[in-house]
Amino acid sequence: MAQAFNNSSGVQLKPFTSEDDVNLRESLKRCSAASYEAAAQFRKTGNTEHLPAIVLGIIERYVEPDLRAKLKDADDDLRVIEDLGIDSLTMMEIVILVEDVLQMSINNEELRYLRTLGDVKTFIECKVRGLPLPKPTKFLPIEQIMSVMPIQPPFLFLGEASINAHGANAKYKISGQEFFLQGHFKDNPVLPASIMLEALGQLAVLFLLEGQIGEAGKVVDHRTIFFTSCEGVRCHRICKPGDVLILSIKPKRLKSPLATFEGQIRVGQEKAAIAEEITLTFGFAEEVAQPVQNSQSTPVTAPTQAAVNA
Amino acid sequence: MRKVYITGVGFITSIGNDAASVSESLRELRHGMVQYAPFQKADIPVKVAAPIRDFITETTDAEDWVFPARYTIRREALRGMAPHGVYSYCAMQQAVEDAKLTEADWSNPQTGLYAASAGSPFLLGHHLERMRKMGVMRCAPLGVVAAISGTVNFNLVSQFKIKGASAGFSSACASSAHAIGFAYDEIAMGRQKRMFVVGAEDGNVESILPFAGMRALSLQTDPSIASRPFDASRDGFVGTGGAAVLVLESEEEVKRRRAKIYCEVAGWGQASDGYNVAISHPEGTGLRMAIENALNYSDTTVDQVDYVNAHATSTPIGDISEAKALKAIFGHSPTRPAISSTKALTGHGLSLAGAMEAGFCALAIKEGFMPGSAHITKLEPACEGLNIIRATLPHRPNVVLSNSCGFGGANVCLVFRSV
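So the protein lines, in turn, are chains A and B.
The first sequence maps to residues 1 to 310 in our numbering.
The second sequence maps to residues 1 to 419 in our numbering.
In structure tokens:
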């Protein structure tokens with residue numbers, strides 16, 4: 001008998017007998033062949049690179065056939081409940097099958113925060129490798145975005161947003177009512193490229209204010225965030241009223257007083273703009289003199305404090 | 001009290017999976033018994049059952065199940081269903097189509113659903129076994145709702161978005177007759193304008209064979225005579241499953257929708273034996289009182305009754321006690337009603353029986369026939385003096401009684417009237 005041992009991924013490996021293989025095939029009989037292959041490989045080697053394929057395969061099996069197409073080119077932001085129609089009971093079915101296939105146990109409390117495909121993948125990888133679980137993705141509706149952002153309408157270019165440790169995503173629909181579209185251009189409203197960059201910058205601001213940027217106990221002061229530089233900005237698509245911009249940013253370097261992000265804008269599946277680097281400066285709350293008023297109780301109101309200048 | 005009518009029916013039964021084929025089987029006395037494959041083992045003395053055709057629900061994994069192509073059931077619905085949940089769903093589809101109801105008609109606070117089944121011993125056993133083997137946290141999340149009694153109302157109420165009254169009834173073989181009675185009350189009292197009534201059972205190894213222990217099942221190996229209520233040589237009942245759905249509507253709704261009517265539900269009565277947990281009263285006193293209550297309530301005289309669909313399951317004791325109750329009611333009446341037990345054709349559907357047989361009565365009244373009591377070669381002597389019809393009569397009965405009796409001595413009599 002082979003002994004249990006730890007491999008390089010930190011996975012406790014148990015021997016994978018032919019009986020285990022029969023059970024695994026039975027458990028995954030309604031999943032794709034690729035999910036079984038990935039699961040068998042994982043059980044034999046403990047290689048966590050197989051986890052996404054296993055988890056996707058299991059989720060796919062529980063998604064109604066007419067919604068499965070969404071999984072084909074899904075990004076990690078795909079929402080399990082809203083986009084895939086998976087209710088909490090189906091989530092339990094998924095969990096039980098995952099437990100069975102990956103030989104682990106998951107408790108109810110841990111499940112509550114799994115909202116996106118990315119959350120599920122990250123969660124399972126951390127569980128399997130025995131790593132601490134990441135903070136879950138935070139979803140912010142527009143009201144909440146407005147209450148934390150120093151930038152306000154009519155110069156706020158974020159709709160609903162989601163933030164996790166790895167970055168932030170947001171949507172913005174070009175309404176056609178934006179004041180600058182009257183002149184940009186004459187009888188031909190096109191979103192200015194500078195506004196696209198501004199929107200990405202605003203999402204980076206939101207990330208700094210709402211994300212988990214690592215330095216324990218410290219809160220970024222919204223009054224300290226300003227634009228510093230950007231590099232490698234390219235536009236690929238003209239964006240017009242009616243288009244929904246899908247904005248995403250990922251931090252590349254985060255060390256006070258500088259935060260550097262990469263950013264991307266899509267419309268549907270089409271790439272609209274990318275910025276290889278957007279750098280902001282920021283500071284923590286105790287590093288600036290506190291005004292008499294408690295800034296926590298008074299949401300930012302003055303648009304003149306707009307911190308990102310693109 | 002408001003008048004109540006039956007305006008739609010749906011059937012998944014051993015004698016047909018729609019109203020047309022059920023009606024044909026009833027007229028031609030075509031039975032649904034076979035030597036049931038899962039019983040053909042040396043240690044199982046019971047050989048005959050009346051299974052459902054065109055459905056395959058043998059495995060515990062609902063996604064393996066096969067059902068006719070005209071029905072589609074999404075996985076998220078299927079996972080909470082027992083085999084008889086699928087039968088119910090299909091019978092419900094038929095009933096809403098038959099009554100020509102739209103979703104707006106049935107999904108509103110004035111439309112309810114009462115159901116009856118014994119749950120699914122088959123799935124309950126499977127899920128408990130899994131719990132013992134794999135641990136409590138690996139129980140299928142919907143194992144409970146698929147398996148326990150009430151599964152039919154849980155599923156149909158949620159899937160058909162029923163907003164009115166809903167409940168399950170549990171009085172064993174009187175369950176779905178009780179459901180019809182109380183559904184009638186809801187409409188008669190003006191609390192609902194429409195009620196669905198569903199009776200259903202798995203009708204498989206786990207729901208039928210436990211009755212072998214109480215020696216209630218026929219040990220006949222010949223399917224064509226295994227179920228023979230009122231015959232001197234009867235030796236027990238033959239198990240069956242399936243589902244029957246009735247649509248009950250108020251007079252106002254019938255008029256508003258210009259709905260087709262099968263018959264009126266004229267009223268019902270019930271009474272209990274207060275005698276034995278499983279054996280019916282030897283003199284049939286509870287059933288006699290139930291019939292009297294039903295006749296009184298519905299202003300029906302004894303000589304108005306044209307046809308009685310008997311409960312008679314083909315057990316030695318039960319059939320005699322029903323015969324005695326019927327004699328006590330009709331014995332001295334000059335025009336004795338025609339009496340038959342359609343369980344000779346279908347087998348005994350347990351919680352399904354009351355709704356299924358009420359559906360048969362509705363067909364008989366609408367189409368104008370009285371189904372015969374099949375498989376009698378020598379009449380049980382205790383039945384002498386009752387007009388037990390051996391062949392189907394091509395006449396429309398105007399007033400029909402349907403009897404149902406359950407464990408604990410629960411007795412229900414339903415009264416139907418032609419319009």
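Think of the CB as a built atom: it goes at the ideal place given N, C-alpha and C, for glycine as much as any other residue.
Given the structure is predicted, the values throughout are model-derived calculations rather than measurements.
Residue of the options minimising C-alpha distance to residue i
| i | options | result |
| --- | --- | --- |
| residue 43(B) | 202(B), 19(B) and 212(B) | 212(B) |
| residue 429(B) | 82(B), 279(B), 14(B) and 140(B) | Missing from the structure shown is residue 429(B); chain B here goes from 1 to 419 and no further. |
| residue 122(B) | 377(B), 278(B), 61(B) and 188(B) | 61(B) |
| residue 288(B) | 53(B), 403(B), 149(B) and 407(B) | 403(B) |
| residue 307(B) | 316(B), 321(B), 315(B) and 336(B) | 336(B) |
| residue 36(B) | 347(B), 178(B), 128(B) and 373(B) | 347(B) |
| residue 329(A) | 91(A), 39(A) and 76(A) | The structure shown does not extend to residue 329(A), since chain A is modelled only from 1 to 310, so the question has no answer here. |
| residue 59(B) | 237(B), 70(B) and 204(B) | 204(B) |
| residue 108(A) | 114(B), 108(B) and 141(B) | 141(B) |
| residue 74(B) | 284(B), 160(B) and 380(B) | 160(B) |
| residue 269(A) | 279(A), 258(A), 252(A) and 237(A) | 237(A) |
| residue 260(B) | 389(B), 146(B), 16(B) and 95(B) | 95(B) |
| residue 115(B) | 354(B), 53(B) and 329(B) | 354(B) |
| residue 286(A) | 221(A), 228(A) and 85(A) | 221(A) |
| residue 231(A) | 275(A), 211(A), 64(A) and 253(A) | 275(A) |
| residue 53(A) | 71(A), 194(A), 66(A) and 67(A) | 71(A) |
| residue 349(B) | 246(B), 173(B) and 234(B) | 173(B) |
| residue 114(A) | 134(A), 262(A) and 243(A) | 134(A) |
| residue 118(B) | 232(B), 254(B) and 207(B) | 207(B) |
CA-to-CA distance, residue j to residue i, given in whole angstroms
| i | j | result |
| --- | --- | --- |
| residue 269(B) | residue 195(B) | 18 Å |
| residue 153(A) | residue 146(A) | 8 Å |
| residue 338(A) | residue 127(A) | Outside the modelled stretch of chain A, which goes from 1 to 310, sits residue 338(A), for which no answer is possible. |
| residue 19(A) | residue 55(B) | 32 Å |
| residue 296(A) | residue 264(A) | Confidence at residue 296(A) is low in this model, with a pLDDT of 45, below 50, so its placement is unreliable and no value can be given for it. |
| residue 362(B) | residue 244(B) | 12 Å |
| residue 26(A) | residue 98(A) | 13 Å |
| residue 258(A) | residue 279(A) | 7 Å |
| residue 149(B) | residue 163(A) | 45 Å |
| residue 2(B) | residue 250(B) | 7 Å |
| residue 202(A) | residue 79(A) | 23 Å |
| residue 80(B) | residue 124(B) | 12 Å |
| residue 255(A) | residue 81(A) | 35 Å |
| residue 224(A) | residue 284(A) | 8 Å |
| residue 55(A) | residue 153(B) | 34 Å |
| residue 155(B) | residue 23(B) | 28 Å |
| residue 188(B) | residue 412(B) | 18 Å |
Chain-order list of residues whose beta-carbon lies under 8 Å from that of residue i (same chain, five-residue window excluded)
| i | result |
| --- | --- |
| residue 34(B) | 48, 49, 50, 51 and 223 |
| residue 210(B) | 121 |
| residue 179(A) | 154 |
Same chain, Cβ closer than 7 Å to residue i, neighbours up to 5 away in sequence not counted
| i | result |
| --- | --- |
| residue 186(B) | 112, 165, 192 and 195 |
| residue 189(A) | 176, 181, 240 and 241 |
| residue 374(B) | 29, 31, 344 and 345 |
| residue 216(B) | 236, 237 and 315 |
Beta carbon of residue i nearer than 8 Å to that of residue j
| i | j | result |
| --- | --- | --- |
| residue 242(B) | residue 201(B) | yes |
| residue 157(B) | residue 98(B) | no |
| residue 267(A) | residue 246(A) | yes |
| residue 401(B) | residue 265(B) | no |
| residue 313(B) | residue 26(B) | no |
| residue 199(B) | residue 352(B) | yes |
| residue 139(B) | residue 126(B) | no |
| residue 428(B) | residue 218(B) | There is no way to answer for residue 428(B), as the model of chain B reaches only from 1 to 419. |
| residue 260(A) | residue 226(A) | no |
| residue 322(B) | residue 372(B) | no |
| residue 169(A) | residue 77(A) | yes |
Cβ shell of residue i (< 6 Å), same chain only, five flanking positions each side left out
| i | result |
| --- | --- |
| residue 32(A) | 57 |
| residue 167(A) | 249 and 250 |
| residue 369(B) | 27, 392 and 394 |
| residue 398(B) | 306 and 418 |
| residue 294(A) | The predicted position of residue 294(A) is uncertain, since its pLDDT is 46 and thus under 50; a value taken from the coordinates is nonetheless stated next. Correct list: empty, nothing qualifies. |
| residue 139(A) | 162 |
| residue 297(B) | 267 and 269 |
Checklist entry - Name the residues in the stretch 51-64 of chain A whose C-beta lies less than 9 Å from a C-beta of chain B; which are they? => result For the stretch 51-64 of chain A, which is checked against every Cβ of chain B, the residues closer than 9 Å are 62 and 64.
Checklist entry - In chain order, what residues of the stretch 73-92 of chain A put their CB closer than 7 Å to some CB of chain B? => result Within the stretch 73-92 of chain A, the residues whose Cβ lies closer than 7 Å to any Cβ of chain B are, in chain order, 89, 90 and 92.
Checklist entry - In the stretch 21-42 of chain A, which residues sit with their C-beta less than 8 Å from some C-beta in chain B, listed in chain order? => result Here the close residues are 30.
Checklist entry - Any residues in the stretch 93-106 of chain A with a beta carbon nearer than 8 Å to a beta carbon of chain B? Which ones, in chain order? => result Taken in chain order, the members of the stretch 93-106 of chain A whose beta-carbon sits within less than 8 Å of a beta-carbon on chain B are 93, 96, 99, 100 and 105.
Item to check | Contact set between the stretch 73-91 of chain B and chain A, restricted to residues whose Cβ is under 9 Å from the partner | outcome: Of all residues in the stretch 73-91 of chain B, only 74, 75, 76, 79 and 80 place a beta-carbon less than 9 Å from a beta-carbon of chain A.
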